[in-house]
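First comes the structure, then the notes that go with it.
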Amino acid sequence: MKGCLLALLLFFRVTIVPAQGTQTESLDLLIGKAKADTAKINLTNKKIRLLIRENLDSAEKLSLKTLDKAKKIGYSFGEANARINLASSFSMKGNFPPAAQNLKIAQSIFQELKDSLSLSSTYSTYGLYYGIQSKYDSSIFYLEKAISIAERNHYRERLATYYSNIAIGYQMRSNFKKALEYQQKSLDLALADKDFANQAFTRLNMGLVYAQMNDTLRGRRALFEAIRLAKKEGIKSVELYAYSNLANAYNLKKEAQKCYEYAVKAALLGGEMADYSIQAASLAKAAGAAAAQKKFSRANTLAQQAMQIADTAGQNYIIFQTYATMGSILKQQSQFSEAIPYLEKSVATLEKTDLYNEEAGSTFKNLSQCYEQTGNFRKALAYYKTSAQIADSVLNRGNIREVTELSMNYEFTKKQEAQRIEQKNKDAIVQARLIALLIGLGLTLILAVVSLRAYRNKQKANSLLQQQKKEIENTLTRLKNTQAQLIQSEKMASLGELTAGIAHEIQNPLNFVNNFSEVSAELLDELTEELQKGDTEEAIVLAGDVKENLKKIRHHGKRADLIVKGMLEHSRISTGEKQLTNINFLTQEYVRLAYRGLLVKDRHVNVNLVTDFDNNLEKLEVIPQELGRVLINLLNNAFYATQQKKAQLNGQYKPEIMVSTTQHNGKVEITVRDNGIGLPEELKSKIFQPFFTTKPTGQGTGLGLSLSYDIITKGHGGELKVETKEGEFTEFKITLFRDVVRG
1 MKGCLLALLL FFRVTIVPAQ GTQTESLDLL IGKAKADTAK INLTNKKIRL
51 LIRENLDSAE KLSLKTLDKA KKIGYSFGEA NARINLASSF SMKGNFPPAA
101 QNLKIAQSIF QELKDSLSLS STYSTYGLYY GIQSKYDSSI FYLEKAISIA
151 ERNHYRERLA TYYSNIAIGY QMRSNFKKAL EYQQKSLDLA LADKDFANQA
201 FTRLNMGLVY AQMNDTLRGR RALFEAIRLA KKEGIKSVEL YAYSNLANAY
251 NLKKEAQKCY EYAVKAALLG GEMADYSIQA ASLAKAAGAA AAQKKFSRAN
301 TLAQQAMQIA DTAGQNYIIF QTYATMGSIL KQQSQFSEAI PYLEKSVATL
351 EKTDLYNEEA GSTFKNLSQC YEQTGNFRKA LAYYKTSAQI ADSVLNRGNI
401 REVTELSMNY EFTKKQEAQR IEQKNKDAIV QARLIALLIG LGLTLILAVV
451 SLRAYRNKQK ANSLLQQQKK EIENTLTRLK NTQAQLIQSE KMASLGELTA
501 GIAHEIQNPL NFVNNFSEVS AELLDELTEE LQKGDTEEAI VLAGDVKENL
551 KKIRHHGKRA DLIVKGMLEH SRISTGEKQL TNINFLTQEY VRLAYRGLLV
601 KDRHVNVNLV TDFDNNLEKL EVIPQELGRV LINLLNNAFY ATQQKKAQLN
651 GQYKPEIMVS TTQHNGKVEI TVRDNGIGLP EELKSKIFQP FFTTKPTGQG
701 TGLGLSLSYD IITKGHGGEL KVETKEGEFT EFKITLFRDV VRG
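Note that UniProt numbering has the sequence shown beginning at 1, numbered continuously upward.
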């Protein structure tokens, strides 16, 4: 089935280790002979990195003991390395909070020690931490930092691992070209160094990429080679994941029995190694293979076991896979109603990740079909649309930006070529004229021939220029269409922020209405009982309570009605026409909506919002929806800047955003100022350029401020300026030059 097309869990490596059994014994001997405590701790940390590939429980216990020893003697380097090992063990077991805590402390220690090599290893472990949670954009971000340090300092022994791990992030984002590029870099290093362990890891992940590209022949060949190398080097973890991926490969070829056999092998080995995530995922895969052979009783049992283990492991991607498998098996048995809860749990888990791939699309499609079979056509349609959107995303993710860049490069190259040909043609004409003057009147015939030839060359050149001009115009048209798609994407993102704020704003009165309705229903039941008893006095009291509740329901209902009317007023489809608008009211509304949208994302956010509106500000003719979109964008950037600074200063900072309006000398100014991270002076001139962004990959299109600048300067004839100081503040000022209309 589709749910088994991807790897159950891609294998992020912490380090590369050969012949683990032999090395463990050698390290035990060295530890016993070591006299200094620091030397013993360093050797033990190396041993732990080997144990992580064999038994996570043993690795965790030894890491905790080593951490205690290092802290007792004040050996910060040994403590930091023990914490890195702990973070790796915790991450692979799905225990993420202590993993994050240990990583943070280790990073602080290495920064204090100015140990760039160990710091790169810390960033790599951050990549593992986020990758196992299926947060691949964050994983790629930290691995790029690790690679940058390693390449800059020529840490060749670490680069192979980093290349292999970042390839996994791109692989899970369906960027197979980028994944293979990094995997080939890793493999080249391993082959040059005759590093068979690294070759095994890289062959394993390349096998999965080929499988995802439907190249099953090369995929299986790579996986069998990975198993051969893993057995030779004694790396059980590679053997484990190769079995799992071979099950995927045979599933693609619809060889259910082979898929079942390798999935069972992976499940048994995963249990032996205490890798419960891969054990759960492999059981789910075996269940799917059993269902494909109509062995539904066996399939149901395996799927139930898989879900229990996945819930214990706590990794969102594995929980998603196991519950999706259970739902699919029930759907194959036409038990549509029974399948729905499992599929709902599966898609709900996806919200905790940034992973929406072909497998996710298949799950949404299964859920849509189940709702269709049970008669709930509204939900069936909604989930079908989601599955279709994911399918499009898998094919097109990241392509728009790449196409835009390629188109720009193509246009520039063609213009240069046209200019070169035109200049060459002009030079030829000048040369012909000079020759004609030197030859004189006696060589009239030769002059005529040369002139004719020059004329023909000019005609050919002009024809070529016309053809190239047409090609350039076509390229420019495609570029404009692509840019229009990106602009629409940015507008939809702004609409999403606005919608989140509206939903949060209206939730409170609706909660009051629901609560008072429930209480009133209970009071009416009591009123009925008192009337039946004949106690009219108590009944009258209860009736009074019901009446009070109804007044409160009406009050909060009117409140909700006012909110909805206000939102409708500000969310009409823009006609592009200016309307007489209260700028203070419009600004206040969008400040509140932006903040509510931020709370929806993170209810723990605490930002001091200060407003200072000019009460004498008179109404202006503006396009409310467009101006609101600018305010939402500026406020979201301010929220982002303050939250980034808060994360850097570890609580010793109070985020504050100030929004103000003023009117003087025939112009109106709206100012948004934050005390966030600010911008370097060299970036100030670039922030209004299309596609420029300071946010990590995947967190911004780089079009928000560019669109805002166009809305203010072109749509309203105003100005949008920025003042900033790195580490202190950023201030955006909107200036509108319009005749004031009194109202």
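Where a beta carbon is used, it is the ideal one built from N, C-alpha and C, also for glycine.
CA nearest to the CA of residue i, picked from the options
{"i": "Glu272", "options": "Lys294, Lys65, Leu240", "result": "Leu240"}
{"i": "His664", "options": "Thr301, Leu204, Thr735, Asn582", "result": "Thr735"}
{"i": "Lys424", "options": "Leu56, Val600, Lys460", "result": "Lys460"}
{"i": "Thr671", "options": "Ile48, Lys33, Ile583", "result": "Ile583"}
{"i": "Ile687", "options": "Thr24, Leu705, Arg673, Gly678", "result": "Leu705"}
{"i": "Ala167", "options": "Ser139, Leu103, Tyr155", "result": "Ser139"}
{"i": "Leu580", "options": "Gln588, Ile623, Ile553", "result": "Ile623"}
{"i": "Val605", "options": "Gly597, Asp612, Thr611", "result": "Gly597"}
{"i": "Lys552", "options": "Ser26, Leu586, Val513, Ala290", "result": "Val513"}
{"i": "Asp195", "options": "Lys232, Met172, Glu682, Leu217", "result": "Lys232"}
Whether residue i touches residue j by CB criterion (8 angstroms)
{"i": "Tyr136", "j": "Gly169", "result": "yes"}
{"i": "Asn165", "j": "Gly127", "result": "yes"}
{"i": "Gly718", "j": "Glu626", "result": "no"}
{"i": "Ser88", "j": "Ile31", "result": "no"}
{"i": "Ala284", "j": "Gln321", "result": "yes"}
{"i": "Leu246", "j": "Leu268", "result": "no"}
{"i": "Ala226", "j": "Val238", "result": "yes"}
{"i": "Tyr155", "j": "Tyr182", "result": "no"}
{"i": "Val546", "j": "Leu531", "result": "no"}
{"i": "Leu113", "j": "Leu86", "result": "no"}
{"i": "Ser346", "j": "Thr363", "result": "yes"}
{"i": "Ala150", "j": "Leu143", "result": "no"}
{"i": "Asn45", "j": "Asn81", "result": "yes"}
{"i": "Lys71", "j": "Glu60", "result": "no"}
{"i": "Ile560", "j": "Ile506", "result": "Here residue 560 is Ala; the residue named in the question, Ile, does not match the sequence. A contact, by the Cβ cut-off of 8 angstroms."}
{"i": "Ser244", "j": "Ala266", "result": "yes"}
{"i": "Ala106", "j": "Ile84", "result": "yes"}
{"i": "Ser655", "j": "Lys646", "result": "Rather than Ser, the amino acid found at residue 655 in this sequence is Pro. Contact: yes."}
{"i": "Lys69", "j": "Asp37", "result": "yes"}
{"i": "Leu302", "j": "Ala324", "result": "no"}
{"i": "Tyr595", "j": "Leu631", "result": "no"}
{"i": "Leu350", "j": "Ala360", "result": "yes"}
{"i": "Ala313", "j": "Tyr276", "result": "yes"}
{"i": "Thr24", "j": "Lys40", "result": "no"}
{"i": "Ala256", "j": "Ala306", "result": "no"}
{"i": "Leu586", "j": "Gly557", "result": "no"}
Beta-ladder partner(s) of residue i, from DSSP
{"i": "Met658", "result": "Val610, Arg673"}
{"i": "Phe729", "result": "Lys725"}
{"i": "Lys667", "result": "His664"}
{"i": "residue 752", "result": "Here the chain has residues from 1 to 743 only, and residue 752 is not among them."}
{"i": "Val622", "result": "Gln579"}
Assigned exposure category for residue i - 16 Cβ within 10 Å defines buried
{"i": "Tyr123", "result": "buried"}
{"i": "Thr125", "result": "buried"}
{"i": "Gln133", "result": "buried"}
{"i": "Gly727", "result": "exposed"}
{"i": "Lys236", "result": "buried"}
{"i": "Gln212", "result": "buried"}
{"i": "Tyr709", "result": "buried"}
{"i": "Thr730", "result": "buried"}
{"i": "Ser517", "result": "exposed"}
{"i": "Gln199", "result": "buried"}
{"i": "Ser282", "result": "buried"}
{"i": "Thr724", "result": "buried"}
{"i": "Gln648", "result": "exposed"}
{"i": "Asp427", "result": "exposed"}
{"i": "Pro509", "result": "buried"}
{"i": "Tyr455", "result": "exposed"}
{"i": "residue 774", "result": "Because the chain here runs from 1 to 743, residue 774 falls outside it and cannot be looked at."}
Contact with chain C by residue i, beta-carbon distance below 8 angstroms
{"i": "Ile73", "result": "No chain C appears in the structure shown, which is made up of a single protein chain."}
- Message: In chain order, what are the residue ranges of uninterrupted alpha helix (DSSP H) at least 4 long that sit wholly in the stretch 214 to 296?
- Response: 216 to 233, 236 to 252, 256 to 272, 276 to 292
- Message: I'd like the ranges of any beta strand (DSSP E) spanning at least 3 consecutive residues and lying wholly in the stretch 124 to 165.
- Response: none
- Message: What ranges does the beta strand (DSSP E) occupy inside the stretch 38 to 124, keeping only unbroken runs of at least 3 residues that lie completely in it?
- Response: none
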